[in-house]
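**Student:**
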Amino acid sequence: MIGLTRATLRPDLSILTMSGLLDARPKVGYFYTENTMKSHELREISTRKVGDVMSVPVIVEESNSIHNTIVTMFLEDVGSIFITDGKYLTGVVSRKDLLKNALGGSDINNIPVSMAMTRMPNIIYAKADETVVDATRKIIDHEIDSIPVVISGKEGNLEKLMVIGRFSKTNI
Numbered sequence: 015m016i017g018l019t020r021a022t023l024r025p026d027l028s029i030l031t032m033s034g035l036l037d038a039r040p041k042v043g044y045f046y047t048e049n050t051m052k053s054h055e056l057r058e059i060s061t062r063k064v065g066d067v068m069s070v071p072v073i074v075e076e077s078n079s080i081h082n083t084i085v086t087m088f089l090e091d092v093g094s095i096f097i098t099d100g101k102y103l104t105g106v107v108s109r110k111d112l113l114k115n116a117l118g119g120s121d122i123n124n125i126p127v128s129m130a131m132t133r134m135p136n137i138i139y140a141k142a143d144e145t146v147v148d149a150t151r152k153i154i155d156h157e158i159d160s161i162p163v164v165i166s167g168k169e170g171n172l173e174k175l176m177v178i179g180r181f182s183k184t185n186i
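Going by our numbering, the first residue of the sequence shown is number 15, and it counts up by one from there.
(1) Below 8 Å on the Cβ atoms is my guess for V67 versus V146; work out the distance and round it to an integer in Å.
(2) V106: which of K168, G170, I138, L36 sits nearest, CA to CA?
(3) Which same chain residues, not among the five before or five after N123, have their C-beta less than 6 Å away from its C-beta?
(4) Exposed or buried, which one is A21 when buried takes at least 16 other CB atoms within 10 Å?
(5) Can you name the start and end residues of the beta strand (DSSP E) that I97 belongs to?
(6) Run through DSSP, which three-state label would P162 get?
(7) What's the gap between the Cα of L89 and the Cα of T83?
(8) Quick check: what's the CA-CA separation for S28 versus P162?
(9) In the DSSP assignment, find the alpha helix (DSSP H) that holds S28 and state where it starts and stops.
(10) Taking all protein chains shown into account, do 16 or more other C-beta atoms lie within 10 angstroms of the C-beta of I153, making it buried, or fewer, making it exposed?
(11) What is the rounded straight-line gap between the Cα of D121 and the Cα of N115?
(12) Quick one: using the 10 Å Cβ neighbour count with 16 as the cut-off for buried, is D111 buried or exposed?
(13) Just tell me which of N171, V64, G93 has its CA closest to the CA of D14.
(14) Could you tell me the alpha carbon to alpha carbon distance between L113 and P126, rounded to whole angstroms?
Below is the structure:
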């Protein structure tokens, strides 16, 4: 009905089964099991803050070359890197962005990563005091693998964002 194969759904169904939301019966299928999660557990999950579960961000300066950013991405084993100018967030670059530029035939050693990144204000981010549920909703709605966790700072009259963490599917 939803156009997905069993192989596509199997890992997700396995996670739901391990968490107790579904019950699996061989040769029959999966069933929703009510009352498996206690209200206490639901309250804890819904009140947990992003600052409690965020991980260390991977950051490079926007003057770094695309080549150096690709090396950093592989060494840190992440899907996206946050780009800063000084200490303020200016963009995000993903594997797909870097791949497009690497296949272009240009010299990626001399092109700054700022030419390949997605720039502010098109970046989805979370604050440390947001709930995990809200941040997860942002990841799902925008179909991205991670978002920067930021705090607001001021430079002159402009409000800028400083990256303090990373919230990803792995944190969830």
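All residues carry an ideal CB built from backbone N, CA and C; glycine is no exception.
What you are looking at is a predicted structure, and each value in this text was computed from that prediction instead of being measured.
**Tutor:** Judging by the given coordinates:
(1) Confirmed, about 6 Å.
(2) Ranking K168, G170, I138, L36 by Cα distance to V106 puts I138 first.
(3) For N123, where only same-chain residues beyond five positions count, the Cβ hits under 6 Å are S79, H81.
(4) Using a 10 angstroms sphere on the CB of A21, the tally of other CB atoms stays under 16, which defines it as exposed.
(5) Where I97 is concerned, the enclosing beta strand (DSSP E) stretches over 94-99.
(6) In the structure shown, the three-state DSSP call for P162 is strand.
(7) Cα to Cα, the separation comes out at about 10 Å.
(8) As the crow flies, the alpha-carbon of S28 is around 29 Å from that of P162.
(9) Note, S28: alpha helix (DSSP H), 20-32.
(10) Under the 10 Å beta carbon count, I153 is surrounded by 16 or more other beta carbons and is classified as buried.
(11) Those two C-alpha atoms are separated by around 9 Å.
(12) With 16 or more other Cβ atoms within 10 Å, it is buried.
(13) Missing from the structure shown is residue 14; the chain here goes from 15 to 186 and no further.
(14) Their Cα atoms are separated by approximately 14 Å.
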